[in-house]
Each structure stands twice: as C-alpha cells, then as structure tokens.
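Asker: This is the structure, below, for whatever I ask next.
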C-alpha cells in the first residue's frame, strides 16, 4: 500500500504536524515528510526518527506526506496538522541609522531612519509580503551624507561632511542653508573640524547666501571656539570646499534653534546632562555627566542661564574625553584608548590602575582591540608594573576575557612613536567588573542527550571535564575542557547532536559500488557489483536505517567478491583456454519460514552463506527466541537458530 498526501495553504503559514498520536508501523513501512516550498523538496523527517508525540514544522506553506506499507492490515498512522503564520527575517539595520518593526508576520512594516547628519536613500518603510517564503517588499535603504541642501524649520540637527566619520573626497563644493522657525536664532556646536593642510576650507556665514558675513573661517581660526557661534538672524549659510589633493576626516557640527528670552540647548559629546527647565529659560540650571570611560575636561560641570536682557550661559559646556591614564575605584566601568572613538596619538605611554574591594577580583572584558602592529596593550595582575603579566597584545584580536587573581589590575598602553594609526574606531574598549574571589572554575552544566565526567571533585586549575553522548548522538565541539590558570575554561560548552547518517561502509575488493546519493543519510543505499570473473557472497544492497537508540547503521555486513573464473587471452585468435576455480563455495540456506504473527525483514526464497534474516512480532505479541538468524556456511549450509515464536502478551481493543 502506498499513499502520498499534500497539505498547504495560500494565505497562512507553514504546517506543524504533531505526529503521531496513534501509530502502528512495521519495520517494512516507509514514512516521509517533505517541504515543497523551495526549488527542490527537502526532507523534514522520515520513519527513522518519528516517535509518538513528535512535532514536525515546515519552512513554507506546503508539505507532503509519503506513506508506504507492504502489509496493509498491520499498518496504521494517525497525525494531526495545524497551520501557523510564517514570518519575515528581521531586516538589517542601515549603517548610521536604525529600524523599528511593527510585526514580522505578513503585513507587518519596518520603519527606517538615519542618525542626525545623514539622509535616507531608499524606501523609509518596507512591508512583509506573504508568499511561500515571506519576504520584505524592497531592499534595506542606506544612510548617506548629502553634499549641501536647504534645511527648513531647523530646530535641532547635525551637519557632517560627505564620508564622515571616514575621510571626505576631493573636489567638493557643498552649501547648506539653515532656516530656524520665525523669531528664533541658531547656535552651532563644533564637534570636529579636521581638514587637510592645503586649500580645503570650512565656513559658517551669518545669513542665507554665499555673500553673508563670515562667523567662522577655518583659514583664520586655529582653535575651535568652545562656546560655539550664534546667528543674529534665523539663517546660517554653511560652506565646505575641498581641492584635488589631500583629504581628512572632515567636519561635524550640531545646531540648535532658540527663542528670545531663552538660552540655547546645551550639548556635550560622549556625555549627557540634566536640566531644571526643558525650555532653558533664564534661571535654568544644567548639570553634566560623561559616558563610562570618559572624563569631564574644560568648562564647568554646572552652568546657569543668566541675563534676562540677553540670555546666555554663565560658563561654557565641558568636554568629555577618553584620557590617557587614571586611577579607578569603581566596581564596574570602562577603559578606553585615548580620544576614543577617534584615533589615538603616536608616542603615548598611558597607565590605568583599577582597584576593587579587597575580597574581590576583576573580570576584564576586552570588547574591541584594533591597534597598530607596533603598539602594545599590557595587563598586569596587581597594582603596579612589577606584577605578573596577565596578557600582552598588539594588532587586532576578537573579543576575549581575562580574570585577575586579586583586587587590583594595572593596564599599560604604549603607542609607537614613529608611526600612527588612522581611522575611526581604532584603539581598544575594555569593560571591567568586580566579581567574587574564587580559586576554582565555574561549574559547567550538563548537556542534553549526554553526560560529563570530572577528573577532580573540586574544579581547581588543571581539572579536566570530559563530555560524552548517549548512543545515537555525537559530540559537536570540544569534548574535553580544562580549567585554566585564569580560572576560565579552555573552550565553549559542547553539545550532543543526533547522528543522522551512517558511516562509510567502505569498499569491497574486486567490485565497484553505486551510491543512491552523495550523502549517506538515513534511507540511502549502497550497492556492490562484482567485477567480471567474481561472484558475490552476501547481500549486494546495504541500506542505512535507524530503528533504535544506537543511531543509524547499515542493514547488512559488507559482501565479498569471490574468484570464479579467469579468461586467458588468446594470442593466436583460434584457441580459447578457460581455467575455473571454486573458492569458498557453499550451498545457500532456504527460507526458514514465517511462524504465526511474525514478520520477516526480507522475504527471499534462498539466502547466501553469511546472510541474515530478522524477525519481529505484530502489535500485541512478544518475541520469544533469537530475533536474528544467520546462514552458517557448510555442506549443506544451515540456520544458526530455529525461527522465533510470537506469543500473545496483551489484549488490544481497536475502535473505529
């Protein structure tokens, strides 16, 4: 009996099959689930792994079930299916922007926006469209810098040069016009101005056209004004020009509009502030703080809006900078390379000391390490440079962690005095945390479908933990982990994954083999065909099956190709000579018969010497005797045991 079924829905999602709630299936039955949503069908499950209560989920809205049984009267299958909604993958975030999603299901929308100073190129909204495999309605947009433009209703924003924070290109002429709301003026904060030492130029003019009076000229000013600049009208004209030679990072400014009787909104890069009045009227007090890893410099921590006739801050805002060296007593924090995320200077020698509670130790999480090959970052396990070195690094490395053995750590950074590293995000970012003191590695968890053994009851330095898997599963990852001197494990936790393929059965001498496919997965076959002059002893066809907890295995042992005859060449073209040899030739065994209520794995009239036949019982019966019989070579050959019997063990009531 062979049955093929197909299930699918156009407007919902893939199909979850809870299989089976009732299932009586002899070993000769075949059952296969396939997903039909791709270019080619993909197998989701077959009879080798199906168990009562198993849930199979498709990737698309189409699935097929193929069920075949050689004995219809003793085979039954019951399953339930339920559709669930497919979803799109989460869309990528554009560089210098972000995305928010209402839903990942069909009809859901993704909204894209750019950070200040960048403009969206592409659709601002994408919709998840329903299909065999759902997809977004278009490509993810990009956030790019525009070379100039008109900014109306300019209340708060940012202007950056094309390419920022990377280098700008040559031969640019960019003009921006900022227009604040009626009866408001504009204030500009300078974040960065880095131009090539040639004819590149940056100007800000007090008006809305190119001939307006100049407020700032990079040609004339050596240092950036900490207090910024203020327009006398509602307009500012910004000009950025480059020649055909050098290049640099460029410019970044922040603008704020403010009304009469109010101060402009303060700003501190790499920091934040609190205010007593969100409109910044006269009398407003603002207090500044820096982001972790940065230190307040210049200016004042607290400023106040004063002078009702001409409101202005009584002090300039401070600056937050990643400084070279420092003593830190916080329980958690960040150490940054000097000027981060800008590039550090050459010839620097910086030392940071971190100190936590005496009964604690320190965990160092080095999240970013991208330095020049001649620059050096060293960690000392103590409060000075004479302590033991925890680690010394140069160049680039992926994220890693270190642990101290005590409550102090010293970090030293030395940059090459001869060369410099350029570019954004070059340097290091080190997060540190106070953690409990311990002389052992942390406890490792158990793994599903496996167990672990430990070389020492206490997880002290040198302890080895070995992971092993239950039959039918194999270790994925490192099976042996060692507790290292820094009290961390030598690798990641492994897992036990189900084995879904048979090992290569090998080759048979004097034969060739034909494989059903490139991979030896459950259900695949290997057939051996003897060369001319050789006779097959054993079963020519081996099938990869999975019927128990020991994992996939081959249905038969490797056959042999036995020499039968050799045809000699005929040099004179008129005489043929044949020599015939008989080696290991035995009579076959006849079929041992099928006792009542038993099932044979294969029903053949004769079995060659060495072949086996397996017996099982129908539902409700119990096997008594040997389940596997082997044809023992001889003259005549005979079976290793009499056929087993199937005795009734329980009563079965079936209702339909």
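Residue numbers (my numbering): -5 to 650. We put the beta carbon where it would ideally sit given N, CA and C, even for glycine. Since we're looking at a predicted model, the values are computed, not measured.
(1) Counting along the chain, where does the beta strand (DSSP E) carrying residue 386 start and finish?
(2) Just to confirm, is the Cβ distance from residue 225 to residue 180 under 8 angstroms?
(3) Measuring straight from C-alpha to C-alpha, what distance separates residue 332 and residue 263?
(4) Pick out the complete beta strand (DSSP E) segments inside the segment 457 to 545, 3 residues or longer, and give them in chain order.
(5) Quick one: measure Cβ to Cβ for residue 633 and residue 583, integer angstroms, because I've assumed they're closer than 8 angstroms.
(6) Determine the direct distance from the alpha carbon of residue 157 to that of residue 163, and round the result to whole angstroms.
(7) What are the boundary residues of the beta strand (DSSP E) that includes residue 57?
(8) Based on the DSSP output, what are the partners of residue 397 in its beta bridges?
(9) Since residue 251 and residue 149 should fall inside the 8 angstroms C-beta cutoff, what is the C-beta to C-beta distance between them, to a whole number of angstroms?
(10) Rounded to a whole number of angstroms, what is the C-alpha to C-alpha distance between residue 464 and residue 445?
(11) For residue 246, which residues does DSSP report across the bridge?
(12) Based on the DSSP output, what are the partners of residue 430 in its beta bridges?
(13) Counting C-beta neighbours from all protein chains within 10 Å, is the total for residue 522 16 or more, i.e. buried, or is it exposed?
(14) Quick one: measure Cβ to Cβ for residue 41 and residue 25, integer angstroms, because I've assumed they're closer than 8 angstroms.
(15) Report yes if the C-beta distance between residue 638 and residue 619 is below 8 angstroms; otherwise report no.
(16) When you compare only the Cα positions, how much space is there between residue 56 and residue 184?
(17) Does the segment 295 to 313 come close enough to the segment 325 to 340 to have 3 or more Cβ pairs within less than 8 angstroms?
(18) Cβ of residue 167 within 8 angstroms of Cβ of residue 201?
(19) Where residue 276 and residue 231 are concerned, what is the direct C-alpha to C-alpha distance, given to the nearest angstrom?
(20) Would the segment 432 to 442 count as touching the segment 481 to 489 if we require 3 or more Cβ pairs under 8 angstroms?
(21) Give the secondary structure of residue 322 by DSSP, where H, G and I count as helix, E and B as strand, and everything else as coil.
(22) What three-state label does DSSP hand residue 379 in the structure shown?
(23) How would you write the range of the beta strand (DSSP E) that residue 345 sits in, first residue to last?
(24) Per DSSP, what are the beta-bridge partners of residue 178 in this structure?
(25) Between which two residues does the beta strand (DSSP E) harbouring residue 314 extend?
(26) Counting C-beta neighbours from all protein chains within 10 Å, is the total for residue 479 16 or more, i.e. buried, or is it exposed?
(27) Could you tell me the alpha carbon to alpha carbon distance between residue 382 and residue 371, rounded to whole angstroms?
(28) Just list the beta strand (DSSP E) runs in the segment 597 to 623, keeping only unbroken ones of 3 residues or longer that don't cross its boundaries, in chain order.
(29) Where residue 405 and residue 322 are concerned, what is the direct C-alpha to C-alpha distance, given to the nearest angstrom?
(30) Would the segment 138 to 153 count as touching the segment 107 to 120 if we require 3 or more Cβ pairs under 8 angstroms?
(31) Measuring alpha carbon to alpha carbon, tell me which of 249, 604, 538 ends up nearest residue 182.
(32) Does the beta-carbon of residue 517 have 16 or more other beta-carbons within 10 angstroms, so that it is buried, or is it exposed?
(33) Rounding to the nearest angstrom, what Cα-Cα distance links residue 598 and residue 587 in this structure?
(34) Grouping DSSP H, G and I as helix and E and B as strand, with all else coil, what is residue 198?
(35) Write down the C-beta distance between residue 549 and residue 537 rounded to the nearest angstrom, noting that I regard them as a contact closer than 8 angstroms.
(36) Leaving out five residues before and five after residue 121 in sequence, what residues of the same chain have Cβ atoms less than 6 angstroms from its Cβ?
Answerer: Here's the rundown:
(1) 383 to 387
(2) yes
(3) 15 angstroms
(4) 458 to 463, 467 to 470, 474 to 476, 489 to 492, 505 to 509, 519 to 524, 528 to 531, 535 to 539
(5) 6 angstroms
(6) 8 angstroms
(7) 56 to 62
(8) 357
(9) 5 angstroms
(10) 8 angstroms
(11) 154, 186
(12) 354
(13) buried
(14) 4 angstroms
(15) yes
(16) 59 angstroms
(17) no
(18) no
(19) 28 angstroms
(20) yes
(21) strand
(22) coil
(23) 343 to 349
(24) 253
(25) 313 to 315
(26) exposed
(27) 14 angstroms
(28) 606 to 611, 615 to 618
(29) 11 angstroms
(30) yes
(31) 249
(32) buried
(33) 10 angstroms
(34) strand
(35) 4 angstroms
(36) 103, 131
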